[in-house]
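Student:
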Amino acid sequence: MQMNASFRPKIYFSFGILSLFFSLYAISISLDLSENGNMIFKLAMLITGLIMIFVACGNFLLSYAVSYGRVDRVTGDKKSLVLSRNGVNLVIGSKLQVYNDLDRENGNLARERHIIVFFCNWKPWSCVLGDFKVDGVKNL
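Counting along the sequence shown from 1, when you hit position 7 you're at 7 in the UniProt record's numbering, and nothing is skipped either side.
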């Protein structure tokens, strides 16, 4: 099943909202139990809530990268990238920090439909796999 490019950021944003609601719910459960409640359960719900906050942040970053951080072409190597959109170079000479192929498991998609999400210059970006021409990047 292929996901529409304009639908993908909405999905990630709604996952982020749901994760945020679940995290707040878990934290409220851990704080609202009576004094004679089970401390292990309180601690487990607090840890679950904190983990879900990190999951929500990750989903919001994915939504931002796929919608606003889309670039047309990425060239260079891992230590010196050139990001361009509409023929204008946005970032020159910045280091590739983290990258991930979101559609790696979907082998039916063409290289022009695979989306790569990466961090460069401490900002999330995305590009299609066919235009991600970075030397030294493995497993793509």
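Idealized CB from N, CA, C, for every residue including glycine.
1) Can you tell me whether Ser30 is buried or exposed? The criterion is at least 16 other CB atoms within 10 Å of its CB, across all chains shown.
2) Quick one: using the 10 Å Cβ neighbour count with 16 as the cut-off for buried, is Cys127 buried or exposed?
3) Is Gly136 helix, strand or coil by DSSP?
4) Looking at Leu129 and His114, is the spacing between their C-beta atoms short of 7 Å?
5) Buried or exposed, going by whether 16 or more other CB atoms sit within 10 Å of the CB of Ile47?
6) Can you say whether Cys57 is buried or exposed, counting buried as having 16 or more other CB atoms within 10 angstroms of its CB?
7) Quick one: what does DSSP say Phe21 is sitting in, helix, strand or coil?
Tutor: This is what the structure holds:
1) In the sequence shown, the residue the question calls residue 30 occupies position 30. Result: buried.
2) Counting from one through the sequence shown, the residue named residue 127 turns up at place 127. Buried, since its Cβ has 16 or more Cβ neighbours within 10 Å.
3) Working through the sequence shown from its first residue, we reach residue 136 at position 136. Of the three classes helix, strand and coil, the one that applies to Gly136 here is coil, per DSSP.
4) Walking along the sequence shown from the start, residue 114 turns up at place 114. Walking along the sequence shown from the start, residue 129 turns up at place 129. Against a cut-off of 7 Å, the Cβ pair of Leu129 and His114 comes out as a contact.
5) Within the sequence shown, residue 47 is the residue found at index 47, counting from 1. Ile47 should be labelled exposed.
6) Numbered from 1 along the sequence shown, position 57 holds the residue referred to as residue 57. Cys57 should be labelled exposed.
7) Along the sequence shown, one-based indexing puts residue 21 at 21. Residue state, collapsed to three classes: helix.
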